[in-house]
Amino acid sequence: MIEVLDSGYHITVQDRGRSGFSKFGVPVSGSMDYLSSNNANSIVGNTINEPVFEIAMMGGEFLFTEEVDICISGAVFEVKLNNNSIINNTIIRVQKGDVLNFGKALKGFRIYLAISGGFKSDLILKSCSYFDNITPNSVVKKGDRFNLLRNKSKACNFINYPELVFENIIEVSKGPEFNLINNDDVKLLQEQFFTVSSNNRMGYFFENGLSSNSFSIITSPVIPGTIQLTPSGKMIALMKDGQVSGGYPRILQMNYNSISILSQKKQGDRIRFKLINLT
Amino acid sequence: MVGKYKINFFHYSQNSILVNWPQSISPEISSEINSFCKAIYNGKNIIEFRKGYCSLLIQFNSENISYNRFRLYLINIYDKLKEINIVKPSVWEVPVCYDDKLSSDIKEYSKKISLSKDEIIRLHSSKIYYLHMYGFLPGFMYLGGLDSKLQITRKTIPSRRVLKGSVAIGGSQTGIYPSDSPGGWYVIGNTPINLFDASNLNQPVAIPDSNYVKFTPVSIEEYKLIKDEVKKSEYKFIKREFND
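Chains as they are written, first to last, in my numbering: chain H, 1 to 279; chain P, 1001 to 1244.
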């Protein structure tokens, strides 16, 4: 069993998300940085569907009441196992009574904790991913306990290059309303750095933007990775818990890897967009 | 015969395609989108879809089929779309208590649109509303057909917490908050019924889209009785066939 001793700043259980329910207004959810959560699962021999803990920004402490292999991947945090520092992307054997403590994020924003064989978390609408009003809890709380499952799956997975998520180039394709923006703004989009002002699992917001406008569209579908242009000219990048539809013009669409890259950015980080064509 | 509009396609992401109908809000277009969804629902390369008022975003398995081949597949289905896919809509009654205790914004709203509370209730509950689609929150219905006299600009500062079941008006739309949420609409009442149940895998929403919704005013006493029935899972929806 794993017991949560400290719930940190924001810890959730995530898997690949809730596919097939967006027609009822249910966001897909799932790991924000799927490249890193896949790595954490793959390294301990799990399938990439296995739920993991997503730990954002800082904090979190877990007590293990039995021996098990774990792996952490994604952001670089100050992480200690019984006061000894441990590193990302390797198998770590924890013993009965061990305490795993997460300090501050030193590089990146979200770190993933995978447990070999998995842990028990309720499947609701085909996913364990926490989401308010779908799952009983929206965050992991102090005192929560998770039983280990010991699923035997020696999955042979591809490990992604772990440094990729720390890059600052966000690859985007044109969104359906891209043509609404003027030539100066198209130039700006490709040449300027954009600074993250705030973020949560629903979306990323940027300090600087394009020219203000009065565009609006009839409420239309969006998906994670859609970048909307608000009337003030600021952009919102929709992430895994984002709404399924919206009325702001959809000017850009991030690809899978870029969603992971952006998920590792925090307030003050700067990114650049690179326009690509879908093939 | 359906499949009668000029639709166009947009390569939205690596594995999704946007299908656009003429950009206007109408039950005819929504109903055709719904028929189209039914026709492709069990297609082997379909992952999921999201609806807009006049568009549909379909995620497909791009490892099995290329964008262009998938687009041709969709065109083929659209051209063959038959009337058989149209579901006969029903009118679902949603009980609403407009009592002051459950309508936090009705006084302000009444003043802003210069209509009495009785007149607001009469106008709001006499129309039937078309359920175009779900979005915004799990189980949130996009309802069309609000009387133009009831339209109001959204609040400049959204309320931090709108209670579950709140029946509200914003812009040219009316809707029900299926769960507690921040929101910028004016709350004029509350329904005791549940509109979303995450434990129901096949049909988590109470009312299927492309149906009609009618608000039935109930007293605070009836509201409490219905709430009790809902709690005991004894509540039965009242619905009737829709006739134009």
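Glycine residues also receive a C-beta, built at the ideal position from the N, C-alpha and C atoms.
Could you tell me which of the options sits nearest to residue i, measuring between CA atoms?
i          : options                                           : result
Ser31(H)   : Ile48(H), Phe178(H) and Phe166(H)                 : Ile48(H)
Ile137(H)  : His10(H), Leu278(H), Phe273(H) and Lys274(H)      : This sequence places Asn at residue 137(H); Ile is not what is there. Looking at the Cα atoms, His10(H) is the closest of the given residues.
Tyr1142(P) : Gln267(H), Ile218(H) and Lys265(H)                : Ile218(H)
Arg250(H)  : Cys128(H), Ala237(H) and Val94(H)                 : Ala237(H)
Pro1178(P) : Phe1196(P), Tyr1186(P) and Pro1192(P)             : Phe1196(P)
Phe194(H)  : Leu123(H), Gly268(H) and Leu81(H)                 : Gly268(H)
Tyr1067(P) : Tyr1129(P), Phe1010(P), Glu1234(P) and Tyr1223(P) : Phe1010(P)
Asn1243(P) : Tyr1212(P), Lys1231(P) and Glu1221(P)             : Tyr1212(P)
Asp1099(P) : Ile1046(P), Leu1074(P) and Ile1220(P)             : Ile1220(P)
Thr65(H)   : Ala56(H), Ile2(H), Leu81(H) and Gly247(H)         : Ile2(H)
Val223(H)  : Val244(H), Phe77(H) and Gly233(H)                 : One point to set straight first is that residue 223(H) is Ile, not Val, in the sequence displayed. For Ile223(H), the nearest C-alpha among the options comes from Val244(H).
Thr230(H)  : Gln253(H), Asn213(H) and Glu67(H)                 : Asn213(H)
Leu275(H)  : Lys234(H), Ile227(H) and Tyr161(H)                : Ile227(H)
Leu1081(P) : Ile1106(P), Ser1126(P) and Tyr1041(P)             : Tyr1041(P)
Met235(H)  : Pro221(H), Val94(H), Gln253(H) and Asp241(H)      : Gln253(H)
Quick one: which chain P residues come within Cβ less than 8 angstroms of residue i?
i         : result
Thr219(H) : Gly1052, Tyr1053, Gly1135 and Tyr1142
Leu229(H) : Correct list: empty, because the minimum Cβ distance to chain P is about 16 angstroms.
Leu275(H) : The contacting residues do not exist; Leu275(H) stays about 14 angstroms from chain P at best.
May I ask whether a heavy atom of the ligand MG can be found less than 8 angstroms away from the beta carbon of residue i?
i          : result
Glu1119(P) : With respect to small molecules bound, the structure shown includes none, and the ligand MG cannot be examined in it.
What does residue i reach in chain H if we use C-beta pairs closer than 8 angstroms?
i          : result
Ser1016(P) : Ile223
Pro1204(P) : Phe21, Phe24, Val26 and Leu125
Gly1165(P) : Residues of chain H passing the Cβ test: none, with the nearest at roughly 13 angstroms.
Leu1201(P) : Leu125 and Lys126
Chain H partners of residue i, CB-CB under 9 angstroms?
i          : result
Glu1048(P) : Ser19, Gly20, Phe21, Ser22, Lys23 and Val28
I'd like to know if residue i contacts chain H, where contact means its C-beta is closer than 9 angstroms to some C-beta of that chain.
i          : result
Ala1168(P) : no
Pro1178(P) : yes
Ala1039(P) : no
Tyr1067(P) : yes
Gly1184(P) : no
Ser1145(P) : The residue you asked about is not Ser; residue 1145(P) is Gly in the sequence shown. Chain H, which has no Cβ nearer than 9 angstroms to the Cβ of Gly1145(P), makes this no.
Leu1057(P) : yes
Pro1138(P) : yes
Asp1209(P) : yes
Would the beta-carbon of residue i fall within 9 angstroms of that of residue j?
i          : j          : result
His1124(P) : Ile1169(P) : yes
Leu63(H)   : Gly97(H)   : yes
Ser1210(P) : Ser1172(P) : no
Asn182(H)  : Met239(H)  : no
Val13(H)   : Ser121(H)  : yes
Ile1025(P) : Tyr1053(P) : yes
Glu54(H)   : Arg110(H)  : yes
Gly1189(P) : Val1091(P) : no
Asn255(H)  : Gly209(H)  : no
Ile87(H)   : Val44(H)   : no
Ser198(H)  : Phe205(H)  : yes
Gly59(H)   : Gly25(H)   : no
Ser1030(P) : Tyr1130(P) : yes
Ser22(H)   : Arg1071(P) : no
Ile1047(P) : Gly20(H)   : yes
Lys1044(P) : Asn1015(P) : no
Ala130(H)  : Ser37(H)   : For clarity, residue 130(H) is Tyr in the given sequence; the question names Ala instead. Contact flag unset, no.
Lys107(H)  : Ala56(H)   : no
Cys71(H)   : Asn101(H)  : no
Ile134(H)  : Pro1182(P) : no
Lys187(H)  : Leu1201(P) : no
Within 9 angstroms (strictly less), CB to CB, does residue i reach chain P?
i         : result
Asp132(H) : yes
Thr195(H) : no
Gly175(H) : yes
Leu278(H) : yes
For a contact meaning CB atoms closer than 7 angstroms, what does residue i contact in chain H?
i          : result
Ala1198(P) : Ile124, Leu125 and Ile134
Note to self: Can you pull out the residues from the region 146–168 of chain H whose beta carbon lies closer than 9 angstroms to at least one beta carbon of chain P?
What the structure shows: Here the close residues number zero.
Next item on the list: Could you name the residues of the region 1005–1034 of chain P whose beta carbon sits closer than 8 angstroms to any beta carbon of chain H, in the order they occur along the chain?
Entry: For the region 1005–1034 of chain P, the set of positions with a beta-carbon nearer than 8 angstroms to some beta-carbon of chain H reads Phe1010, His1011, Tyr1012, Ser1013, Gln1014, Ser1016, Leu1018, Asn1020, Gln1023, Ser1024 and Ile1025 in chain order.
Notebook entry, point to check: When Cβ atoms are compared, which residues of the region 244–273 of chain H fall closer than 9 angstroms to chain P?
Noted result: Hits within the stretch, in order: Val244, Ser245, Gly246, Arg250, Gln253, Met254, Asn255 and Tyr256.
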